[in-house]
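S.K.: The structure follows.
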Ligand SMILES: *Cc1c(COP(=O)(O)O)cnc(C)c1O
């Protein structure tokens, strides 16, 4: 399949999911997850009008960033080791994987050194799978309260990865729960601003994520297969 065909399929699925849930396709931002492909291919995908690029490995990401940084908004979507923060902090506009205090402190340190604000998503392990990164659900509110004390960190919203399983109702319940957790944080006014964003949904499940309120979907495989 060509890139063009794949993009058509993705856009159609977004439209269908939006229709089902009374949402507008313009409100869904697609992060092209480019971890599978080289600079040339990313260049090609950007020519189709994508604005957001997502990478999950610092080393690979930096090379791609150097080549293409002014052509897109860069999202760091992978697990982030504290020692790598200094390499990504002034390059990636969004970090999707804030999930622990040690990382929060390092982000804050580096941000203040460079006098900038870091846009983050708090990653939540909604499904509770042991292999998954993210803060546990029952620790989210207290973690969010701590994050809110750091002026260098701007929290855009929450992020999760659904379990990779066939049962669509379980997948849906994970996305729904992430939305409810975000709404709860907003109701309790933990931040002096509302969290608007939900980063959820990948190639296999972004339709369901959109129906449950995703504002950023992260799509790789379906784009580049
Ligand atoms: C790889 C990756 C994606 C993209 O997943 P696909 O199934 O290839 O669309 C999305 N989010 C994260 C965090 C990833 O690591």
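In our numbering, the protein residues as written are 33 to 257.
Idealized CB from N, CA, C, for every residue including glycine.
First and last residue of the beta strand (DSSP E) that includes residue 98?
M.R.: Not the beta strand (DSSP E): residue 98 falls in the alpha helix (DSSP H), residues 90-100.
S.K.: Judging by CA-CA distance, which residue of 151, 132, 69, 78 is the nearest neighbour of residue 108?
M.R.: Among 151, 132, 69, 78, the Cα nearest to that of residue 108 belongs to 151.
S.K.: Residue range of the alpha helix (DSSP H) that residue 172 falls in?
M.R.: Its alpha helix (DSSP H) spans residues 169-179.
S.K.: May I have the straight-line CA-CA distance separating residue 101 from residue 163, to the nearest angstrom?
M.R.: Each residue's alpha carbon lies about 32 Å from the other.
S.K.: What three-state label does DSSP hand residue 219 in the structure shown?
M.R.: Residue 219: helix per DSSP, three-state reduction.
S.K.: List the DSSP bridge partners of residue 255.
M.R.: Paired residues: none, contrary to the question.
S.K.: Please list the terminal residues of the continuous beta strand (DSSP E) segment that includes residue 186.
M.R.: Taken as a continuous stretch (DSSP letters only), the beta strand (DSSP E) holding residue 186 covers 185-191.
S.K.: Is there at least one non-hydrogen atom of ligand 1 closer than 8 Å to the beta-carbon of residue 128?
M.R.: Result yes, Cβ under 8 Å from ligand 1.
S.K.: Out of 47, 52, 60, 112, which one is the CA nearest neighbour of residue 250?
M.R.: Checked all of 47, 52, 60, 112; the closest Cα to residue 250 is 60.
S.K.: Below 8 Å on the Cβ atoms is my guess for residue 211 versus residue 230; work out the distance and round it to an integer in Å.
M.R.: So it is a contact: roughly 6 Å between Cβ atoms.
S.K.: Relative to the alpha-carbon of residue 232, which residue among 116, 48, 221, 209 has its alpha-carbon at the smallest distance?
M.R.: With distances taken between Cα atoms, residue 232 lies closest to 209.
S.K.: In terms of residues, what are the limits of the alpha helix (DSSP H) holding residue 78?
M.R.: That run of the alpha helix (DSSP H) goes 71-79.
S.K.: Is there a C-beta anywhere in chain C that falls below 9 Å from the one on residue 203?
M.R.: The structure shown contains no chain C; it is built from a single protein chain.
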